[in-house]
Amino acid sequence: MLFLVDLLHKFELGVWKAIFTHLLRILIAIGGMAVPEVNWRYRQVPTFGRGTIWRFHKDVSAMKRLAAHDFEDLLQCAIPTFEGVFGNPKHDKIVMDLLFDLAVWHAYAKLQLHTDDTLKFFNTATIALGISVQKFQDKVCPCYMTNELPQEHAACGRRQARQAAQAPNQERGPSDNISQWKWKYLNLHTYKYHALADYPNTIWKMGTTDNYNMQIIQGELEHHRSKWRYPRSGKQCNHMVSSIANQEVTERFIKKVIDARDKLEVQHSIQPCHTHRAWTSPWDHYHIAKEAAKMHDLFVWLAERAGDPAVENFVMRLKDHLLACLRDLPYEGDEYEFSDNDRDCVLISSNKLYEHATLCVNYTTYDMRREQDTITPRTHRDIMVLAHEDEQTHPYWYARVIHIFHVNVEYHDPITHVCLSPTRMNFLFVHWFRRDNSPAGWVAKRLQRLEFFNQDNLIDAFGFLDPDCVIRGTHLIPAFASTDELLAQSFMRDWDRDTKDADHDWRFYYVNW
């Protein structure tokens, strides 16, 4: 272990933390609202997955109580949050290239399944990262007089105060003045930076970094638990350790009582009083609960949303989608041509629309492991499906789930004269994205950018989707540098969280790779 690379301490808490800190120093040197803007943008980044991207602290620039996982999240979401904040187009481009190369290098370093090709790409990414960092140091850093951060200056003052208290009779020189701000620069003459070239060769000899990652060996993620207990400890140095220890003892005792109660309930065949998430079979591609969270009368539900462009011709388009599923037609983006006679063959039982809160999608990861994404219309609502285009320039389509529904359908086939009894059919009501024509990809060093379809084209903007077509959830981050009056007022809008101004929507979204 002595001679192996250490991704956690050498890169996440080393190289990346140093670059992130210097970016904040540059923003402070620029002045204005640059730093508050970055803090606000990070707060707007949605969470993703089960612990993949966590909710960011309200003041990320302070970097208080951050673990390695937090710095990893800061890097993975840095490209949209730092876009356009420097005010200089040339500097913005250099910083965006740097952040992209850092994220790509970090992704290759954390891959849990490598091949000869990925290791070659990793070597190329390492060279590209070295060029980007050197360009950033030569072209951007000299243009700004960067001083230490406020938290660094405060820490220096506390350290000098302790030294003065320990040696009260010692004379203080002019360099000991705690009010003097020190000049800071980006130091690349460190072992952590020069060791980046050793990672591809180490992986080739010793295997992927998850086999010897300090984040796993030292239980780095366990730091979060203690940091959650810290605000309840009184934040006093004399009692903090004992208070956190008492909280841990209390939590263990409560868990012991709950486990004992559950065991007693099982022995006496009593239904446990607490509820857990329903078990889902890994062999099923998706799972929607049997019982609906809400039940609506279809026509009452539509009447409440009269005039809303999202539900225009809702029943007709819904029956087209159900007909296509019943006749096993290939998915073509809801562009089916059915007659009124065809639609009359589909009858929605009692005109009831059943709404669900969550959709669980099972999928296989790149390293041959089974995973599950939970899709909810309120939080984790963005999904990806395979593209169905003649000229396939990008392999996926993206959509935002507005509602998760099921209906009971009675169907009479006019050809075979087969009548189906009421059959449950699940479907998603979605708002589609389209790809923007801006440069994106490995050569352009930019993330794929999306935008909503204009609501004037209902076939492209809103549609219905079979949950079986969903590959998995996707992480979309708003392009904070652009807003637009694109969407009309609709029930599917999220007025409180999307933008600073409720009269605007985000113009673009970035697909976080």
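In the UniProt record's numbering, the protein residues as written are 1 to 513. Backbone N, C-alpha and C fix where the C-beta goes; we use that ideal spot for every residue, glycine too. Because the structure is a prediction, the values reported are computed rather than measured.
- Residues of the same chain with their beta carbon placed closer than 8 angstroms to that of R378 are lacking, with the five preceding and five following residues left out of the count.
- Distance from the Cα of F464 is smallest, within the candidate group L129, H406, R369, T474, for H406.
- Annotated three-state conformation of R449 is strand, per DSSP.
- Counting only residues of its own chain and dropping the five nearest sequence neighbours on each side, V311 has a CB closer than 7 angstroms to the CB of L302, R305.
- With a contact defined as Cβ atoms closer than 8 angstroms, L323 and V346 qualify at about 6 angstroms.
- If you check the CB distance, R435 and L450 come in under 9 angstroms.
- The straight-line gap separating the alpha-carbon atoms of I26 and S281 is approximately 51 angstroms.
- Cα atoms of Q180 and Q151: separation of roughly 14 angstroms, rounded to the nearest angstrom.
- Between F462 and F429, the C-beta spacing is below 9 angstroms.
- Sorting C419, F299, F338 by C-alpha distance to the C-alpha of V409 places C419 at the top.
- Annotation for P395: A387 place their beta carbon closer than 6 angstroms to its own, counting only its chain and skipping 5 residues before and after.
- H287 is bridged by DSSP to C360.
- Boundaries of the beta strand (DSSP E) harbouring M295: 294-297, taken from the DSSP string.
- Within 10 angstroms of the beta-carbon of F253 lie fewer than 16 other beta-carbons, which makes it exposed.
- Per DSSP, F405 is one residue of the beta strand (DSSP E) stretching across 396-412.
- In this structure F100 is not in contact with D92, their Cβ atoms being roughly 12 angstroms apart against a cut-off of 8 angstroms.
- In the three-state reduction of the DSSP assignment, N426 falls in the strand class.
- Across the structure, Y191 and D284 are spaced so that their CA atoms are roughly 49 angstroms apart.
- Nearest neighbour of Y363 by Cα position, chosen from G207, T209, D468, turns out to be D468.
- In the displayed model, R327 falls within coil according to three-state DSSP, outside both helix and strand.
- Look at Q180 here: in three-state DSSP terms it is coil, with no helix or strand label.
- Here N426 is not near I244, since their CB atoms are 9 angstroms or more apart.
- For T118, the enclosing alpha helix (DSSP H) begins and ends at 116-135.
- Contact between the stretch 114-124 and the stretch 198-209 is present, with at least three C-beta pairs closer than 8 angstroms.
- One Cα belongs to I404, the other to F433, and the distance between them is close to 18 angstroms.
- For E371, the enclosing beta strand (DSSP E) stretches over residues 370-375.
- Nearest Cα to Y108 within the set Y366, R225, E355: Y366.
- For I53, no beta strand (DSSP E) segment is defined, and its DSSP state is neither H nor E.
- The beta-bridge partner set that DSSP reports for R472 consists of M384.
- By the Cβ neighbour-count rule, V257 is exposed, with fewer than 16 other Cβ atoms within 10 Å of its own.
- DSSP lists K294, F405 as the beta-bridge partner residues of E355.
- Across the structure, L149 and S482 are spaced so that their CA atoms are roughly 29 angstroms apart.
- Here the alpha carbon of H239 sits roughly 11 angstroms from the alpha carbon of R232.
- When the beta-carbon positions are compared, I375 and V470 come within less than 9 angstroms of each other.
- Remark: C-beta atoms of R55 and K227 do not approach each other more closely than 9 angstroms.
- Note: W432 is bridge-paired with A399 in the DSSP secondary-structure output.
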